[in-house]
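Top to bottom, those sequences are chains P and D.
Take 58 as the starting number for the first sequence in the numbering used here and just add one per residue.
Take 67 as the starting number for the second sequence in the numbering used here and just add one per residue.
From the three backbone atoms N, C-alpha and C, an ideal C-beta is built for every residue, glycine too.
Values in this document were obtained by computation on a predicted structure and should not be read as measured data.
Taking it in order: structure first as structure tokens, then the write-up.
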Amino acid sequence: MMRTVTRLRERGIHAFLFLCALVTIVTTLGIVWVLIEESRQFFARVSAADFFFGSRWAPTSTDEPGFGVLPLVCGTFLVAGGALLVAIPVGLAGAIYLSEYAPLSIRRVLKPTLEVLAGIPSVVYGYFALTFVTPYVLRPLFPNTEIFNAASAAIVVGVMIIPTISSLCDDAFRAVPRSLREGAYAMAATRLEVSTRVVVPAAISGVIAAVLLALARAIGETMAVALAAGMTPKLTLNPFTSIQTLTGYIVQVSLGDTPAGTLGYQSIFAVGITLFLITMTINVIAQRVFSRFREVYE
Amino acid sequence: MNGHGDLAATLFEPRIERRRRWGRVFELVCTVLSFVGLAFLAVLIGQVLWVGAAWATPKFLTNFPSILEPERAGVKSALWGTMWLMAITTVVGVPIGVAAAVYLEEYAARNRLTRLIHFNILNLAGVPSIIYGILGLAAFVRWLRFDRSVLSGGLILALLVLPVIIIASREALLAVPRTIREAAYALGATRWQTVRSHVLPAALPGIMTGIILAVSRAIGEAAPLITIGALTYVAFVPTGPFDAFTALPIQIYAWSDQPQEEFHHLAAAGIIVLLGILLPMNAVAVVVRARQQRRGAW
Chain P
58 MMRTVTRLRE RGIHAFLFLC ALVTIVTTLG IVWVLIEESR QFFARVSAAD FFFGSRWAPT
118 STDEPGFGVL PLVCGTFLVA GGALLVAIPV GLAGAIYLSE YAPLSIRRVL KPTLEVLAGI
178 PSVVYGYFAL TFVTPYVLRP LFPNTEIFNA ASAAIVVGVM IIPTISSLCD DAFRAVPRSL
238 REGAYAMAAT RLEVSTRVVV PAAISGVIAA VLLALARAIG ETMAVALAAG MTPKLTLNPF
298 TSIQTLTGYI VQVSLGDTPA GTLGYQSIFA VGITLFLITM TINVIAQRVF SRFREVYE
Chain D
67 MNGHGDLAAT LFEPRIERRR RWGRVFELVC TVLSFVGLAF LAVLIGQVLW VGAAWATPKF
127 LTNFPSILEP ERAGVKSALW GTMWLMAITT VVGVPIGVAA AVYLEEYAAR NRLTRLIHFN
187 ILNLAGVPSI IYGILGLAAF VRWLRFDRSV LSGGLILALL VLPVIIIASR EALLAVPRTI
247 REAAYALGAT RWQTVRSHVL PAALPGIMTG IILAVSRAIG EAAPLITIGA LTYVAFVPTG
307 PFDAFTALPI QIYAWSDQPQ EEFHHLAAAG IIVLLGILLP MNAVAVVVRA RQQRRGAW
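So, in structure tokens, the structure goes:
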């Protein structure tokens with residue numbers, strides 16, 4: 058028979074641990090509540106339709122302010138899309154190399170080093186884009202590149218998300234049963250054929266999930282983009298001009314002296330909701346795809 | 067009959083030489099692309115050292131930032147701010163995160179609430195850091211009236227890294243074999259006694275790795291701190307949790323954002339200091355984990 062004191066202590070500890078786990082739920086509810094509550098005032102003055110479908114973003118203009126979020130969304134996807142163009146080939150090739158080719162000794166060194174790449178703060182990538190990528194890589198190749206441009210931001214954000222793609226894809230490839238590979242090798246398939254026609258197709262949902270998670274990260278990326286991409290919201294697909302992203306706008310307003318209560322200040326919450334909805338949707342889809350992949354092989 | 071033979075001859079045309087050649091090309095491409103990230107890292111660190119090494123003097127650590135005299139500027143306030151943030155994030159985030167992980171792995175019933183908490187944590191890990199800044203702005207700065215203090219900043223960073231700590235700790239707890247728990251129960255230990263004296267010590271290296279990676283991620287963050295209105299040029303050191311503050315990544319951002327050359331030297335010197343803290347932390351985490359993996363999972 059357990060003593061009463063012991064039993065009480067066990068219950069108390071159980072309750073405390075449960076409360077700690079609940080903090081995560083409270084955080085999510087807090088985020089949703091704050092975003093809705095704070096942007097209510099904004100949407101009382103600007104209609105949701107004008108905001109979500111308007112193509113002019115000029116919140117501080119005194120003559121004719123515009124509150125259409127599309128230019129910021131366009132800038133965000135221009136950078137994120139460019140980042141994927143860098144990260145998908147490099148990350149995928151890296152994962153194939155790690156799981157199908159690399160000897161154990163190289164693998165042991167390469168994987169942790171990729172994690173270091175993921176551990177470098179985003180502001181450092183921003184500095185590098187601004188002081189190296191634009192002046193010494195982009196401008197010699199494309200002389201019309203502006204000082205602030207989407208391309209430099211896309212390149213460094215792309216490098217930033219390489220580890221996400223290569224590490225998750227490597228895990229997915231390694232979860233593919235050996236027997237599938239050996240079946241193909243027995244039919245005299247080369248490693249190229251085994252990789253591209255057996256391993257990648259078998260792990261395709263893992264690859265898709267990895268790319269989606271990387272995309273969500275690129276969309277939410279802030280400091281590198283705020284430094285390198287510029288502050289000029291516009292609807293363009295030209296990566297060599299200055300643009301602005303959703304995150305970059307929030308930074309710009311936070312750094313400025315926009316007084317609380319003004320429409321310009323309230324707009325960061327509306328932009329925040331847009332950003333939250335986009336990344337949340339992508340993450341939930343990625344999570345779904347991922348759990349389906351796990352069901353197949355684990 | 068003859069037709070069949072022709073078909074077989076074309077289908078099984080001996081292309082093995084060509085296939086092997088493509089295989090070698092593919093291997094080369096994958097190998098080269100795997101090292102792109104590494105090469106990028108090398109160029110980045112080289113450029114930062116080239117631009118900043120001469121400016122990263124001992125005085126740089128003990129001087130306050132100055133916008134008027136870049137030659138005499140330093141990171142004293144930023145360094146102290148970062149130390150404060152690190153302390154608050156660790157003190158708040160680690161106990162809650164580890165406790166939540168213990169609850170989910172050791173206590174939670176397999177029901178809908180547990181699944182909800184589980185998926186919620188995965189989604190929280192994908193929420194952009196700047197959204198946490200918006201939450202902090204409303205919850206800590208305004209609602210709890212902590213103002214733009216280092217306490218508000220530390221609490222935001224603690225929430226931000228909570229999913230990282232929880233996910234890493236859960237993995238570490240999961241790796242502890244059932245037999246260890248059963249041995250403890252067999253001797254009449256309560257659930258908490260089992261967890262505290264047997265499971266937690268066994269999982270400690272894995273948990274420590276997660277904590278180090280989480281804290282190093284926190285001190286590289288600037289976006290959420292800028293959102294709550296952390297200052298960029300501060301000429302004092304925080305003496306208590308309610309003081310205003312700046313941090314290394316914010317200072318680096320502010321210097322990088324200046325058009326003049328001198329400030330880029332300062333930004334690079336600031337990056338040297340920041341990476342001087344982060345890279346050793348990352349290295350320790352990677353080594354602890356590598357040793358753990360090499361020793362084998364029990």
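Asked                                                                                                                                                                : Found
How long is the line joining the alpha carbons of M67 of chain D and V255 of chain P, rounded to whole angstroms?                                                    : Its pLDDT being 43, under 50, M67 of chain D is placed unreliably in this model, and the value from its coordinates should be taken loosely. Rounded to whole angstroms, M67 of chain D to V255 of chain P spans 34 Å at the Cα level.
Going along chain D in order, which residues have a C-beta closer than 8 Å to the C-beta of G329 of chain P?                                                         : I196, I197 and I200
Less than 9 Å between CB atoms is the rule here; does T247 of chain P satisfy it with respect to chain D?                                                            : yes
Quick check on the DSSP output: the alpha helix (DSSP H) that includes H71 of chain P runs from which residue to which?                                              : T61 to R102
When we look at the beta-carbon of G69 of chain D and count the other beta-carbons within 10 Å, is it buried (16 or more) or exposed?                                : Because G69 of chain D sits at a pLDDT of 48, beneath the cut-off of 50, its placement in the model cannot be relied upon, and the following sentence gives the value as read from the coordinates. The residue is exposed, with fewer than 16 neighbouring Cβ atoms inside 10 Å.
Please report how far the alpha carbon of P304 of chain D lies from the alpha carbon of T148 of chain D, in whole angstroms.                                         : 10 Å
Taking a contact to mean a Cβ-Cβ separation below 9 Å, would you say T81 of chain P touches I232 of chain D in this structure?                                       : yes
Where DSSP assigns a beta bridge to S215 of chain D, which residues make up the other side?                                                                          : D:A310
For V264 of chain P versus G215 of chain P, is the C-beta distance shorter than 9 Å?                                                                                 : no
Please tell me whether Y169 of chain D has its Cβ less than 9 Å away from any Cβ of chain P.                                                                         : yes
Kindly list, in the order they appear in chain P, the residues whose Cβ is closer than 8 Å to that of S322 of chain D.                                               : V180, G183, Y184, L187, T188 and L284
Anyone know if the C-beta pair for A296 of chain D and A310 of chain D falls short of 9 Å?                                                                           : yes
Measure the beta-carbon distance from W121 of chain D to H331 of chain D and round it to whole angstroms, keeping in mind my assumption that it falls under 8 Å.     : 5 Å
Only counting the same chain, and skipping five residues up and downstream in sequence, which positions put a Cβ closer than 8 Å to that of R349 of chain P?         : S262
Give the DSSP-derived three-state secondary structure of G220 of chain D in the structure shown.                                                                     : helix
Tell me the residue span of the alpha helix (DSSP H) that contains G148 of chain P.                                                                                  : L127 to I153
For V114 of chain D, report the span of its alpha helix (DSSP H) as first-last.                                                                                      : V102 to G118
Residues in the region 83-107 of chain D with C-beta within 7 Å of chain P's C-beta atoms, listed in sequence order?                                                 : R85, R86, W88, G89, F92, E93, V95, C96, T97, L99, S100, V102, G103, L104, F106 and L107
Is the region 205-214 of chain P touching the region 130-150 of chain P, taking contact as three or more C-beta pairs under 8 Å?                                     : yes
Scan the region 290-334 of chain P and note each continuous alpha helix (DSSP H) run of 4 residues or more that stays entirely inside, going in chain order.         : 303-312
Sorted by chain position, which residues of the same chain lie with C-beta nearer than 8 Å to G286 of chain D's C-beta, five sequence neighbours on each side aside? : P315, L340 and L344
Residues in the region 121-141 of chain D with C-beta within 9 Å of chain P's C-beta atoms, listed in sequence order?                                                : none
On the CB-based measure, 16 or more other CB atoms within 10 Å of its CB, does N177 of chain D come out buried or exposed?                                           : exposed
For the candidate residues P:F75, P:L74, P:S112 and P:T84, whose alpha-carbon lies nearest to that of T293 of chain P?                                               : P:S112
Exposed or buried, what is Q326 of chain D when buried is set at 16 or more other beta-carbons lying within 10 Å of its beta-carbon?                                 : exposed
Any beta carbon from chain P within less than 9 Å of N68 of chain D's own beta carbon?                                                                               : Any reading at N68 of chain D must be qualified, since the residue scores a pLDDT of 47, below 50, and its modelled position is unreliable; no value is offered.
Taking Cβ-Cβ distances shorter than 9 Å, what residues in chain P pair up with Y299 of chain D?                                                                      : Chain P residues near Y299 of chain D: none, gap ~12 Å exceeds 9 Å.
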